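Undergrad: Okay, handing you the structure first.
Protein chains: 2
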Amino acid sequence: MPGINEVAVLAGVSTATVSRALSGNGHVSAATKSRVKAAAVELGYVVSSNASSLATGRTKNVGVVIPFLNRWFFSSVVEGAEHSLLSHGYDLTLYNLSGNGDERRSVFEHFLLRKRVDAVIAISLELTASEVSSLLDMNKPIVGVGGPLPGVRTLSIDDEQVARLATEHLLSLGHRSIAHIGGNNDVELDFHLPTHRRVGYEAALEAVGIPIDPGLFAAADFTLQGGYRAAKQLLGNPRKRPTAVFAASDEMAIGTILAARDLGLHVPGDVSVIGVDDHELSDFFGLSTVAQFPAEQGRRAVEILMDQLHPDRRAPASNIPLRFELIVRSSTARPGG
Amino acid sequence: MPGINEVAVLAGVSTATVSRALSGNGHVSAATKSRVKAAAVELGYVVSSNASSLATGRTKNVGVVIPFLNRWFFSSVVEGAEHSLLSHGYDLTLYNLSGNGDERRSVFEHFLLRKRVDAVIAISLELTASEVSSLLDMNKPIVGVGGPLPGVRTLSIDDEQVARLATEHLLSLGHRSIAHIGGNNDVELDFHLPTHRRVGYEAALEAVGIPIDPGLFAAADFTLQGGYRAAKQLLGNPRKRPTAVFAASDEMAIGTILAARDLGLHVPGDVSVIGVDDHELSDFFGLSTVAQFPAEQGRRAVEILMDQLHPDRRAPASNIPLRFELIVRSSTARPGG
DNA sequence: CTGAAAGCGCTAACAT
DNA sequence: ATGTTAGCGCTTTCAG
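Going line by line, the protein sequences match chains C and X.
The working numbering numbers the first residue of the first sequence as 6 and each following residue consecutively.
The working numbering numbers the first residue of the second sequence as 6 and each following residue consecutively.
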C-alpha cells in the first residue's frame, strides 16, 4: 500500500503538491495535477483516511443512530441517506440504539464521541438534551428525521395534516362513521406521532360536524398483527360497525383488510380502509394510503448536513416541507358501494 | 475535548502510561492504573480513534457490504452483526452496493481501501476474485454471509438440505403432488440459492420415487407479489392442481396463501403451503416454514472475524453449521384434510 | 513498572 | 505554483 511519498517521488513533486492535486485544495498547474493523478493511479494510491482526518479534523463520515433496522421506514431512510452520503464522498457508520440505557450511553460516550463522525443523523430517536448538547459542543451538526428534537433541525412530515388528508378522503367519499386505529403507549415512540395523527383525524371529523365516538378508536402497535386484532374488534360488532377505517400505518391497514376478509366483509364494499406510509406491500393489497418518502427523507437529511459541513457550497433550496401524497387505490370507495 | 496529555498531567504520569493504563497493553501498577482511569473519567477523556488508528494500524471498525437494506433477511443480518460488533468495541460502517458496477468499484477503491476498516462482512454479495484478493492483500479478513465466496470463509445454510426438509415434511403428510415456486434468473442472486433449493426439492421427491413434473415448477422473484402471481398460475388450473406448494421464501409462500384464498381454496384443506425463512410475517399467516436465523448469522460472522483479528483470544468452537429448523404451523396438513 | 522520544501518513501554514 | 516544515493525538520501542 503506497503512501503519499511514493506518489510524490514518481510524479517528481513534493508531498504537499500531491495532497493539493488530489484533494483539489490549493492551486496546482493542470500539468502537474494530471501527472500526479497518473502517478497515483499507477501506484494504486489511496489516502489514509485516518492520517487525513487526524491532520484536518474532518472524518468524512457521519453517524446514523436508529432504534431498529428491520422495519420498512427505518431501513428506507438509511438507504436514502447512504446513497446520498456516498455521492458526497462520505461514509456512514451505523449505531443501533435499540438497547437499554446502558448500551445507549456507551454508544454516545465511547463511539460517537471518539471523533469518528463529523455529524449525526438521528432517526426517530429522541436524544436527551445532554446528548444533543454534547454533540453540538463538539461542533458536530445533528439532524433528526421523524420527529422534533429540541434545538435540532428536524425533518418530519406533518402528521396532523397527513391524518387529516386521509380522513378527508374518506369523508369526501361520503363516509360518516369512520374508525381510527392509532398507536398504543408503547408506540408513542419518542415523538407522539400517534397522537398527532389522532388529532388530525379528529380535526377532520369535527370540521364537518361529526362528533368523535371513542368507541370508534382502537390502539395497536403499528404492526400488521396489531392492526388485524384491533380491526377484528372494531369491525366484529355488526351493531356499530364503521363504514371506513383510517389506520395510522399501512401495516395496520393491511391487517385491517385481512381482518375484514376474515369477517366476511368486502373491501371496499362493506368497509373502506386507508393507511399511511405507502409501504412496499401496500400496492399489492390495493391499499389507499397517504404516502411518505423515507428514502427521500434520508437524502434530505444528508443535504442539510452537507450544507452545514460545507458552508461555502451553494445551499439548494432546503426548506420545502416534507412531501406526502394521497394515493388512491382500491381499498376505498363510497360507502355501501 | 481533553487529550491524552491533560489526563497524563492530572494523573501525574506520562502519556505513555496513560495509553497503557487505558488500553490494557503493557503493565501498569494497579494503583496508577486506577489513578489514570479516574483522571480520564474526571476529564471526560475519550481517545481519538484516528490518532489511535494511525499509530496502531487498526481501526476498530468493520465494513459491511450489502446489496439491499430494506429486506428482512439483510437488515436482520446487519442488526445481528451490529450488536455483536458493538459488544466487541467495534463500529460498523455500511456500504450499500446495490448500484451498478461504477458505484461498486468506487466503493471498493475509495472507501473500503481507505484503510477505514479492519475487516469486511459481505452479505449475499459475490465479490470478484480481484476484490477479494485486494482485500486479502491488505490483510483485511473477509467473511461472507449467505453464499460461498471463492477463498473466503463463508456462512450459509445448507440450502439443499433446507429444501429437502421442507419437501419431506410435505411428503410425510402424504402429499404426492407438490409444486415448487423457486427463483427466476434475476434472483439467482449471486449464489445460485434458488437452484440449490430446487435441487433439494427434487432430490426429496426422487428419493421416494416421485417423478419431477416441470409443470409443477414456477419461477418468481422471492417477493410476496411474485409468489402470488406464480401461485395463481400453479393453483388456478383445476385439472392439475398440486395438493401442496413449497416456496423458496416465506414471502412467496405468503403470496401463495393469499392466492389460494383468492381462488377460493382453503389452506391447508385444499392446499398445503410451506416456505423458508421464518419471516416476521410468517407467524401471523400461520405459515409452516424452515426457519433460518439471520441475526444469529450476523453475530457468527462477527465472531469469526474477531477470531482472526485477535488470534490470541480463545476461539469459541466455531464450526457449527448454520442452524435451520422446521416450524410447523397451520398451513400444512394431510392432503384432502 | 514507567518515561522519553520517534514515528504513524497526511495537511496547512509559511515560504519562495 | 510548488516546496519546507510543523504538527494532528496517540502508541510503542527503547531505556532505565
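Beta carbons: idealized from backbone N, C-alpha and C, even for Gly.
Just so you know, these numbers come straight off a predicted model, no measurement behind them.
Check whether the segment 146 to 163 of chain X touches the segment 181 to 189 of chain X, taking contact to mean three or more Cβ pairs, one atom from each stretch, closer than 8 Å.
TA: no
Undergrad: So, is Glu-330 (chain C) buried or exposed, given that buried needs 16 or more other C-beta atoms within 10 angstroms?
TA: exposed
Undergrad: Can you check whether the CB of His-180 (chain X) is closer than 8 Å to the CB of Ser-277 (chain X)?
TA: yes
Undergrad: Report, in whole angstroms, the separation of the C-beta atoms of Leu-117 (chain C) and Val-125 (chain C), which I expect to be a contact under 8 Å.
TA: 6 Å
Undergrad: State yes or no: is the beta carbon of Glu-114 (chain X) nearer than 8 Å to at least one beta carbon in chain C?
TA: yes
Undergrad: Quick one: give me the first and last residue of the alpha helix (DSSP H) that His-185 (chain X) is part of.
TA: His-185 (chain X) -> not in any alpha helix (DSSP H); beta strand (DSSP E) instead, spanning 183 to 188.
Undergrad: Would Arg-63 (chain C) be called buried (16 or more neighbouring beta carbons within 10 Å of its own) or exposed?
TA: Exposed.
Undergrad: Does chain X have any CB closer than 8 Å to the CB of Val-278 (chain C)?
TA: no
Undergrad: Quick one: residues in its chain with C-beta nearer than 8 Å to the C-beta of Asp-255 (chain C), no 5 flanking neighbours on either side, listed in chain order?
TA: Gly-280, Val-281, Asp-282, Asp-283, His-284, Leu-286, Ser-287, Leu-292 and Thr-294
Undergrad: For chain X, find out if any of its Cβ atoms is closer than 8 Å to the Cβ of Met-311 (chain C); answer yes or no.
TA: no
Undergrad: Pull the bridge partners of Arg-63 (chain C) from the DSSP assignment, please.
TA: Paired residue(s): none; Arg-63 (chain C) is not in a bridge.
Undergrad: Does the CB of Phe-289 (chain C) have a neighbour CB from chain X at under 8 Å?
TA: By the rule that beta-carbons nearer than 8 Å mark a contact, Phe-289 (chain C) touches chain X.
Undergrad: Is it the case that the segment 304 to 316 of chain X contacts the segment 82 to 102 of chain X, given that we only count it when at least three CB pairs across the two stretches are under 8 Å?
TA: yes
Undergrad: Please report the distance separating the alpha-carbon of Val-112 (chain X) from that of Arg-246 (chain X).
TA: 48 Å
Undergrad: Report the neighbours of Leu-27 (chain X) on chain C: residues whose CB is nearer than 7 Å to its CB, in chain order.
TA: Result: empty, since nearest Cβ-Cβ is about 12 Å, beyond 7 Å.
Undergrad: Please look up how many angstroms separate the CB atoms of Leu-132 (chain C) and Leu-97 (chain X), rounded, as I've assumed it's under 8 Å.
TA: Actually they do not touch by this definition, with Cβ atoms about 20 Å apart.
Undergrad: Have a look at the DSSP bridge pairing and note the partners of Leu-154 (chain X).
TA: Partner residues in the beta bridge of Leu-154 (chain X), as assigned by DSSP, are X:Val-157.
Undergrad: Can a CB atom of chain X be found closer than 8 Å to the CB of Arg-328 (chain C)?
TA: No, no contact with chain X.
Undergrad: Would you mind stating whether Phe-366 (chain X) and Met-257 (chain X) have Cβ atoms separated by less than 8 Å?
TA: This structure cannot settle anything about residue 366 (chain X), because the visible part of chain X is limited to 6 through 342.
Undergrad: Can you check which of these residues, X:Ser-129, X:Gln-166 and X:Leu-178, is closest to Leu-154 (chain X) by C-alpha distance?
TA: When only C-alpha atoms are compared, the closest one is X:Ser-129.
Undergrad: Can you list the residues of chain X that Asp-96 (chain C) reaches, using a CB-CB cut of under 7 Å?
TA: Within 7 Å Cβ-Cβ: Thr-98, Phe-116 and Arg-121.
Undergrad: Throw me the rounded Cβ distance for the Arg-339 (chain X) and Leu-178 (chain X) pair, which I believe falls under 8 Å.
TA: 5 Å
Undergrad: Check each candidate in X:Gly-156, X:Thr-172, X:Pro-219 and X:Ser-81 and name the one with the smallest Cα separation from Phe-298 (chain X).
TA: X:Ser-81
Undergrad: So which residues on chain X does Glu-47 (chain C) lean against when the C-beta distance must stay under 7 Å?
TA: Neighbours of Glu-47 (chain C) on chain X: none; closest Cβ ~14 Å, over 7 Å.
Undergrad: Residues in the segment 228 to 244 of chain C with C-beta within 8 Å of chain X's C-beta atoms, listed in sequence order?
TA: Leu-229, Gln-230 and Tyr-233
Undergrad: Should Leu-141 (chain C) go down as buried or exposed, given a rule of 16 or more other Cβ atoms within 10 Å for buried?
TA: exposed
Undergrad: List the endpoints of the continuous alpha helix (DSSP H) containing Tyr-206 (chain C).
TA: 198 to 212
Undergrad: Answer with yes or no whether the minimum CB distance from Asn-80 (chain X) to chain C is below 8 Å.
TA: Note that residue 80 (chain X) is Ser in the sequence shown, not Asn. Answer yes: the Cβ-Cβ gap between Ser-80 (chain X) and chain C drops below 8 Å somewhere.
Undergrad: Would you list the one or two residues that DSSP bridges to Ala-100 (chain C)?
TA: Here the sequence assigns Tyr to residue 100 (chain C), which means Ala is not the residue at that position. Note: Tyr-100 (chain C) sits in a beta bridge opposite C:Val-70.
Undergrad: Val-213 (chain C) to Arg-109 (chain X), Cα distance in whole Å?
TA: Near 54 Å, if we compare the C-alpha coordinates of Arg-109 (chain X) and Val-213 (chain C).
Undergrad: From the DSSP output, read off the bridge partner residues of Val-51 (chain X).
TA: For Val-51 (chain X), which the question treats as bridged, DSSP gives no partner whatsoever.
Undergrad: Under the rule that 16 or more other beta-carbon atoms within 10 Å means buried, what is Arg-244 (chain X), buried or exposed?
TA: exposed
Undergrad: Just how far apart, CA to CA, sit Gly-4 (chain X) and Ile-162 (chain X)?
TA: This structure cannot settle anything about residue 4 (chain X), because the visible part of chain X is limited to 6 through 342.
Undergrad: May I ask you to list, following chain order, the residues of the segment 131 to 158 of chain C that have a beta carbon less than 8 Å from some beta carbon of chain X?
TA: Met-143
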